[in-house]
Amino acid sequence: MTVFERTHAIFDDEDVLRDDYQPERIEERDEELEEYKAYFQPVINGKQPRNIFLYGKTGVGKTVATKYLLSHLERDAERYDDLDVTTVYLNCEHLTSSYRVAVNLVNELREEGEEISTTGYPRDAVYDMLWAELENVGGTILVVLDEIDYIGDDDSLLYQIPRARSNENLHEAKVGIIGISNDFKFREQLDPRVEDTLCEREIHFPPYDGNELRNILEKRSALAFEDGVLSGDVVPLCSALAAQDRGSARQALDLLFEAGDLARRNGDESVTEHHVRNARARLEKRQIEESMKDLTSHDHLTLYTITALTVFGEEMPVRRQTIYDRYEDVATSTDHDPLAMRSLHAHLSDLVMLGILERHERNEGRSGGAYYEYELGVDLDAVVTTLDGLAITGNLDTDRLRGAAVRQGLIDSS
């Protein structure tokens, strides 16, 4: 019995909508690409590369533009006998120190099987290994540090690499750094010496507007979908929704793919506005669930408390004392020592800051004074789904919570 069969329903090549797809042409970034190309000109001229800093929100083309230009730069450099260009790409997510970045760079440059351990070496020893590997590669080396803001305050490597030649750590290799960040405030956190060097040249990638996103999606959808399966309002709607939110091409492409995937799973012959709106709801729910999984244990207990109050009849929003009274029982039933009221207040504030809770300020004047009330600020079904999968809620009856929410029509039974 065959379980899986290939099908080309709806999609012709869905990989075109994936995050790792490299288009032959970068759309709607002509000005940024021209500026970027100018900063690479010293490389083709055989000179010391510039250090370049790119910043802008997620999904606005920073990484795809970098990979696009570097691939062309490496290929064009092959025309010159006296030029040898190497690029090293490293995503710094989870690499929260210069030490960890240096270790990963050493391992990127070394042959498979010759990597070093991520712990156990003095920092200076790792830096010495890095200089040796860079010298061994030689020529011009462009080091791309994507999501560079994850390095945080420990930015010594960002100071050391650009000065490696003047400090006589390097003699043959000419190294330039390309830093990419989603955090507009990252520069302000850098040591002034690092900022002067790393931000030698900088390029801002602004959010896309609706027309720009529409053009990008039209080009991708022509390659990704079978002819005639997209209704006329799908691409404009995906573009408009993404432009209104973050101006992110990644968000627009994810929405378009999810809409197509829903149509395929449902056995529908075309992708319509209905699929787009359902896809948007699914993606938002998924995003909420992912953000809630990373909370601390007492954040989860606080969230469970407010969810239980919501489902089991407490009128929303509720005051902190009401939350605390129920929270103490919840914490005790999961073998956690309840926090003090002041500490609970800090967790409530964190959940508000993340957009998971909404806070309302009340003022009853002399009789009652000023106080805050709280309620859920995200989809109840997403919260219950997240709580279902947490080990910390193992002693809590999340099935009863979901059942009560379904009976009251607060969430869908599916």
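Heads up, the sequence shown is in our numbering, so the first residue is 123 and it goes up one at a time.
No residue lacks a Cβ here, since even glycine has one placed at the ideal position from N, Cα and C.
- Residue range Lys296 to Ser303 is occupied by the beta strand (DSSP E) that includes Val297.
- In this structure, Ile514 and Thr456 form a Cβ contact; the two beta carbons are roughly 6 Å apart against a cut-off of 8 Å.
- Taking C-beta separations shorter than 8 Å and ignoring five residues to either side along the sequence, the partners of Val474 in its chain run Glu480, Arg481, Tyr496 and Gly499, following chain order.
- Per DSSP, the unbroken beta strand (DSSP E) holding Asp268 starts and ends at Thr262 to Asp268.
- If you compare the alpha carbons of Phe347, Leu352, Glu237 and Leu359 with that of Gly332, the shortest gap goes to Leu359.
- Non-local beta-carbon contacts of Glu255 in its own chain, meaning distances under 7 Å to residues more than five positions away in sequence, involve Val228, Leu231 and Arg232 in chain order.
- In this chain, the alpha helix (DSSP H) harbouring Thr444 covers Arg442 to Ser455.
- Scanning Gln282, Thr262 and Ala462 for the CA closest to the CA of Pro164 turns up Thr262.
- Asp355 is a Cβ neighbour of Thr394, given a cutoff of 9 Å.
- Beta-bridge partners of Tyr177 (DSSP): Ser303 and His326.
- Here Gln443 is exposed. Its C-beta has fewer than 16 other C-beta atoms within 10 Å.
- Beta-bridge annotation (DSSP): Thr209 is paired with Leu264.
- For Asn400, the three-state secondary structure derived from DSSP is helix.
- Taken atom to atom, the span from the alpha-carbon of Pro145 to that of Asp472 is near 40 Å.
- A straight line joining the alpha-carbon of His422 with that of Asp447 spans about 16 Å.
- Rounded to whole angstroms, the Cβ separation of Val225 and Thr240 is 5 Å, and the two are in contact under 8 Å.
- In this structure the segment 368-376 lies against the segment 170-184, because at least three pairs of beta carbons, one per stretch, are closer than 8 Å.
- Closest in alpha carbon position to Asn173, among Pro284, His397, Glu412 and Asn304, is Pro284.
- Secondary structure note for Ala286: it is in no alpha helix (DSSP H), with a DSSP letter that is neither H nor E.
- Phe379 is bridged by DSSP to nothing; it lacks a bridge partner.
- The beta carbons of Val357 and Glu340 sit closer together than 9 Å.
- Residue pairing from DSSP places Ala492 in a beta bridge opposite Asn485.
- Using a Cβ-Cβ distance cut-off of 8 Å, the segment 186-196 and the segment 244-258 are not in contact, since fewer than three pairs of beta carbons, one from each stretch, lie closer than that value.
- Glu497 sits in a strand when the DSSP states are folded into three classes.
- At a Cβ-Cβ threshold of 9 Å, Leu518 and Val433 do not count as neighbours.
- Minimum Cα-Cα distance from Ala527 among the listed residues Leu431, Ala492 and Arg402 corresponds to Leu431.
- Note on geometry: alpha-carbon atoms of Asp416 and Arg323 lie some 35 Å from one another.
- The segment 149-159 makes no contact with the segment 400-412: fewer than 3 CB pairs, one atom from each, lie closer than 8 Å.
- If you look at Cys360, you'll find it in the alpha helix (DSSP H) that goes Val356 to Asp367.
- Counting the other Cβ atoms within 10 Å of the Cβ of Lys169 gives fewer than 16, which makes it exposed.
- Under DSSP, Phe133 shares a beta bridge with Phe347.
- In the displayed model, Leu292 falls within coil according to three-state DSSP, outside both helix and strand.
- For Thr319, the enclosing alpha helix (DSSP H) stretches over residues Pro314 to Leu320.
- In the DSSP assignment, Ser353 falls outside any alpha helix (DSSP H), carrying neither H nor E.
- For Ser343 and Glu334, the gap between their C-alpha atoms comes out near 14 Å.
- Counting along the chain, Ser370 sits inside no alpha helix (DSSP H), nor does DSSP assign it H or E at all.
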